[in-house]
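Under the working numbering, residues 577 to 1053 are what the sequence shown spells out, in order. Note that beta-carbon positions come from the ideal geometry of N, C-alpha and C, so glycine has one too.
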Amino acid sequence: MRRKAIKAIQRLEREEESDNHSSARCGSGVTVFATKVAGELCFAMKSTSPSADGAAVGAAAAAAANATGSGEGEAASSLVQVADAAGRCGELRVPKVALMFLTRGAMPHESLWKVWLGAADGVLPRAAAAAAACGNREPSCTAAARSALLQGGDGARLRLRQHLFSLYIHPGPDDSGYGPTSLFHGRVVPNRVQVRWGEHSMVEAMRALLRAALDDPANQRFQLLCEHTLPLQPPLLVYAQLMSEPRSRVNACAAPGNRDQAPNNTMDRWTPAMLPAVTEALWRKSPQWVVLNRKHAELAAADTAINAVIRDHCTVGYDDLLGRERDCYSDEHFVPVLLAAHGLDNETTCAGNTMSVLWSSTAGKHNGKHPRSYGPRAVTIPVFQYLRQGLGESRAECTSAQASARARDVFLHADELPALRCPAEGGGAWDPERQAGCPLFARKFEAEAAAPAYRLLTSCDAALGIAPAPSCQMATS
577 MRRKAIKAIQ RLEREEESDN HSSARCGSGV TVFATKVAGE LCFAMKSTSP SADGAAVGAA
637 AAAAANATGS GEGEAASSLV QVADAAGRCG ELRVPKVALM FLTRGAMPHE SLWKVWLGAA
697 DGVLPRAAAA AAACGNREPS CTAAARSALL QGGDGARLRL RQHLFSLYIH PGPDDSGYGP
757 TSLFHGRVVP NRVQVRWGEH SMVEAMRALL RAALDDPANQ RFQLLCEHTL PLQPPLLVYA
817 QLMSEPRSRV NACAAPGNRD QAPNNTMDRW TPAMLPAVTE ALWRKSPQWV VLNRKHAELA
877 AADTAINAVI RDHCTVGYDD LLGRERDCYS DEHFVPVLLA AHGLDNETTC AGNTMSVLWS
937 STAGKHNGKH PRSYGPRAVT IPVFQYLRQG LGESRAECTS AQASARARDV FLHADELPAL
997 RCPAEGGGAW DPERQAGCPL FARKFEAEAA APAYRLLTSC DAALGIAPAP SCQMATS
């Protein structure tokens, strides 16, 4: 499989030119899975059966959005939250993963994301479902909890329920937003900035996303994505992986012993102008597309001191103090330096490995300041297998169908609640250690790759299991 994938990549390298048109950057221990106490708001997903061209979401989604009294035209920069019908008494206490999209506006892969998220609609971790339906509460509270999980009774309304993920998006400040049929309607964050590749605006956009996502106390993990990102694993496995790892997936660990923090890879970007706040010992570099736990997200959103130093001195140009040119990109340094400055680098995984990115060709030639982009011809099973193995590291566990099946075992669908016996068995423990270092997402997939990616990843015959269409899921249930 690895040889086939490498051959596919090599063929693409000969056929395709490297991407050079990006104006905004889209690149640049383990615990047993369990639920945690979070908040009482559940975001109602604006999705129904998607089409390949991403046109239709459905009248039910528009009605849910309009019921909040916030049309995109009048509140394009405000978030719409839909309260859980169970209210405070019946809160589900399910921690969520905030998917935060930093984009230039258009979302070419929206159709695929609809199907991917749809596979998690109405799904809950077994422990949370048992606590909600069978907890030691007043009878009215238990009834309210069941009502929240089974709201509406019909499949169309139930598909609007999303308990595992929440969405946030940061387009440009002048972007008109997303219409009522869009997955991202009502999910545009306020206080947006104009983002330019290589500038500190990348950090400020991330901080705007974090502040918006932190308003929902249910959000416990914060994953940064972009418009050219595609998932490499099904949603339940992604959720289980991220919630099982208490550390942030950031490379904030100090050298020596950390190849990615070697002095020749990072110290040429540091300048004495950063003293005294950022010393050489605190200097770190990590991929921008991090996953933060809530503690670290709150720190990144609130910080002023480290942010000011990185903003003012992590720049591109001639450095008078060093007497040479210096290239420094804020988005690769702010988070890891911040965590190191607060003595929290030991609370990270020492790798920003949720995103699979190819910075060089298979011959070892570096592609420059932007990672490789994937066009329509790259949308093949061998290429996706290659990407989710960690760029050909031959880690079989990263493509294991058994791992996906084990992840599914720790969840149940709301339809199963009426048959849940009280007291319910907690059940569903899953140790994700074998897959802890596997990539969960990949970039950069061009807009032209959207249609073939949708066809491949939603196919019942693709053998990938990333985003199977509802008809596939019904056939295997």
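Check whether residue i and residue j have beta carbons under 9 Å apart
| i | j | result |
| --- | --- | --- |
| V913 | V867 | no |
| P793 | Q770 | no |
| Q809 | L1016 | yes |
| L812 | S932 | no |
| L693 | L759 | yes |
| K690 | S742 | no |
| A917 | L851 | no |
| V986 | A816 | yes |
| Y744 | R763 | yes |
| L790 | R870 | yes |
| A1018 | F960 | yes |
| A853 | A876 | no |
| A695 | F798 | no |
| P747 | A1043 | no |
| L818 | T930 | yes |
| E1022 | Y962 | no |
| K1020 | T842 | no |
For residue i, the residue or residues it bridges with in DSSP
| i | result |
| --- | --- |
| A745 | The question names Ala, yet the displayed sequence has Ile at residue 745. Paired residue(s): F677 and V764. |
| C875 | Residue identity differs from the one stated: residue 875 is Leu in this sequence, not Cys. DSSP lists no partner for L875. |
| M931 | F1017 |
| N827 | In the DSSP output, where bridge partners are listed per residue, N827 has none listed. |
| R900 | D895 |
| Q799 | L675 and V867 |
| Y950 | F1021 |
| V989 | As written in the sequence, residue 989 is His, which differs from the Val given in the question. In the DSSP output, where bridge partners are listed per residue, H989 has V699. |
| K806 | Note that residue 806 is Leu in the sequence shown here, rather than Lys. According to DSSP, L806 bridges with A1018. |
| T924 | S824 |
Close beta carbons around residue i, own chain, < 8 Å, minus the five adjacent residues each side
| i | result |
| --- | --- |
| T847 | H889, D895, L897, L898, R902 and C904 |
| D921 | A828, C829, A830, R860, P912 and L915 |
| I957 | L1032, A1038, A1039 and L1040 |
| E908 | S604, K861, S862, P863 and Q864 |
| E775 | S906 |
Nonlocal neighbours in the same chain, by C-beta distance under 6 Å from residue i, ignoring five residues either side
| i | result |
| --- | --- |
| A1026 | P684 and H685 |
| G919 | none |
| T925 | R823 and R825 |
| E803 | T679 and M683 |
| R783 | A877 |
| R984 | L812 |
| H989 | G698 and V699 |
Cβ neighbour criterion (16 or more within 10 Å) applied to residue i
| i | result |
| --- | --- |
| V699 | buried |
| S752 | exposed |
| C1014 | buried |
| A1072 | The structure shown does not extend to residue 1072, since the chain spans only 577 to 1053, so no value can be given for it. |
| A674 | buried |
| E856 | exposed |
| P766 | exposed |
| R948 | buried |
| V670 | buried |
| A705 | buried |
| S687 | buried |
| M676 | buried |
| C1036 | exposed |
| R964 | buried |
Check: residue i C-beta below 8 Å from any heavy atom of the ligand COA
| i | result |
| --- | --- |
| F910 | Absence of the ligand COA from the depicted structure is noted, as is the absence of any ligand whatsoever, leaving it without description. |
Same chain, Cβ closer than 7 Å to residue i, five either side skipped, listed in chain order
| i | result |
| --- | --- |
| G681 | P747, G748 and D751 |
| P1028 | P952 and V955 |
| C1048 | C1036 |
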